[in-house]
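Before any comments, here is the structure.
Residue numbers (my numbering), protein chains in the order written: chain A, 117 to 282; chain B, 4 to 130.
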């Protein structure tokens, strides 16, 4: 690989994330920090940030928005609010410029689910029509509570509360 | 001609002292920088309850006692995290800011920390 480390211009780059290149010491720091990322976070390798002084740490927060951003290819928000690969990890940044789905009957697979306080989010993974009732909606989300990327029912797990964005 | 009692070197010392005093007043507080305007990410009422308990402890417990406290993790396994670990698991800072377990407990009496913690508690209470 050609080029220099983005953090240490005196060092040769050995790895690249997005357009940014990193030296061997940064690579080691990234890998060590990624091992400390919680088990439910997906993906893990890019959920790290540079602290300075050759130190890397796992990004803070639950990683719920980070998973959605990777699934949807969302790279909005300030650079410091995006992972090593450039994907958003803040919930508000995920839905910037998106329209709320006004009628729950029109929710589609791929819509972004955000809970009422906008502190958790996921993706609509299936919608099943139910005659005379709201559709049965399944949400796939990076669930810190369950320790994995899980599928849960909107009506029972999320108590039919929250908004959908497209 | 007599030289002024405050020559160039004298004025330089005064300016440096004023600068040092100014810096000590507005010195960055890592905890306040991390918490002020931070985004909370949490999934369940259990998790919010644990966050609330930790924030209340930050306001009321002496640093030595807080250092010994442990909180439940995401899956409510008890005595898993220090208060620093809990804040890192649930909050995303507005700007690039880091919590250092070595200095965290010495920075909690700062008014800016208390203001940020009170705001996060208010957020939790109004839900």
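The C-beta atom is built at its ideal place from N, Cα and C for all residues, glycine as well.
Distances from the alpha-carbon of residue 156/A to those of 175/A, 261/A, 201/A put 261/A closest. Listed as beta-bridge partners of residue 204/A by DSSP are 198/A. Burial check for residue 132/A: the Cβ neighbour count within 10 Å stays below 16, so the residue is exposed.
Linking residue 275/A to residue 220/A through their CA atoms gives a straight-line distance of about 14 angstroms. Only exposed fits residue 242/A, as fewer than 16 other CB atoms lie within 10 angstroms of its CB. Between the alpha carbons of residue 69/B and residue 87/B lies a distance of about 10 angstroms. Within the same chain, Cβ atoms closer than 8 angstroms to the Cβ of residue 251/A are found at 220, 221, 223, 243, 244, 245, the five residues on either side in sequence being excluded. Fewer than three pairs of CB atoms, one per stretch, sit closer than 8 angstroms, so the stretch 262 to 282 of chain A makes no contact with the stretch 57 to 64 of chain B. Residue range 66 to 71 is occupied by the alpha helix (DSSP H) that includes residue 69/B. By the beta-carbon neighbour count (other beta carbons within 10 angstroms, threshold 16), residue 128/B is exposed.
As computed with DSSP, residue 120/A is found in a beta bridge with 128/A. The beta carbon of residue 196/A sits closer than 8 angstroms to some beta carbon of chain B.
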